[in-house]
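Quick note: the sequence shown, position 108, residue 108 per UniProt numbering, numbers continuous.
Glycine included, C-beta positions come from ideal geometry on N, C-alpha and C.
On a predicted model such as this, the values are computed, not experimentally measured, just so you know.
Here's the structure we're looking at; comments come further down.
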Amino acid sequence: MVSRRRVLLLFSFVSLALILASLAVLRPSVYRSTLRSALSHNSTRLKFNSSRPISSSAASLFNQSSTAKMSAKSSVESLIAENHIAVFSKSYCPYCKKTKDLLASLGEKYAVVELDQIEDGSDWQAYLGDKTGQRTVPSVFINQQHIGGNSDLQAKHASGELKKLLGAKM
């Protein structure tokens, strides 16, 4: 006869296995790295000026095995901290294109993350919304300071304030 204790232990084990299986189905990002899957394709999704690959120091940061455990928050914060200019964008967004075109016309190097082309882009955008209060893209950071979106960047450019911000490299 099976003891009551063994039945409860078996029931607990089966329940835990079902919970873990449902998490794997509902939240596969818990088990996979956002950046590793984004970078595993032959094209680089994290870029400078939309044409040059991300810097070697930042690339090595994102290629480490610990990347699998990085949350959207730590990934976003790392990208902002590692780059003078960080732009969170979507590839089809016309305002994002205007932002990237302005920065490129000024000859600035900037890191771009196309949120629609990475696995956990919606998690990144949600974190950015919580961090800045801005739920839309582009979301631009200069010297780890949130500048805003395209209209904010264009206004700073028109007033001359953007030139001062860009000149104050940390």
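Within the same chain, TYR127 come within 6 Å of LYS73 by CB-CB distance, once the 5 residues on both sides are set aside.
Counting only the Cα atoms, PHE141 lies some 11 Å from GLU82. If one requires a minimum length of 4 residues, the alpha helix (DSSP H) runs lying completely within the UniProt domain "Glutaredoxin" (85 to 147) are 94 to 105, 121 to 132, in chain order.
With distances taken between CA atoms, LYS100 lies nearest to PRO138 out of GLY133, PRO138, TRP124. Annotation for ASN150: the continuous alpha helix (DSSP H) segment containing it runs 150 to 159.
With at least 16 other beta carbons inside 10 angstroms of its own, TYR110 counts as buried. Using a Cβ distance threshold of 7 Å, THR132 and GLY149 do not count as a contacting pair. Under the three-state reduction of DSSP output, SER71 falls in the coil class, being neither helix nor strand. With a cutoff of 7 Å on beta-carbon distance, GLU108 and LEU165 are scored as not near each other. The beta carbons of SER151 and VAL113 sit about 20 Å from each other, so the pair does not count as a contact at 8 Å.
Annotated three-state conformation of ALA168 is coil, per DSSP. Around the beta carbon of GLY121, 16 or more other beta carbons lie within 10 angstroms, which makes this residue buried. The C-beta separation of SER91 from GLN117 comes to about 6 Å, placing the pair in contact by the 8 Å criterion.
LEU103 and ALA86 have their C-alpha atoms roughly 11 Å apart. By the neighbour-count definition (other C-beta atoms within 10 Å, threshold 16), LEU106 is an exposed residue.
LEU162 and GLU119 have their C-alpha atoms spaced approximately 32 Å apart.
In its own chain, leaving out the 5 sequence neighbours on each side, no residue places its CB closer than 6 Å to the CB of GLN145.
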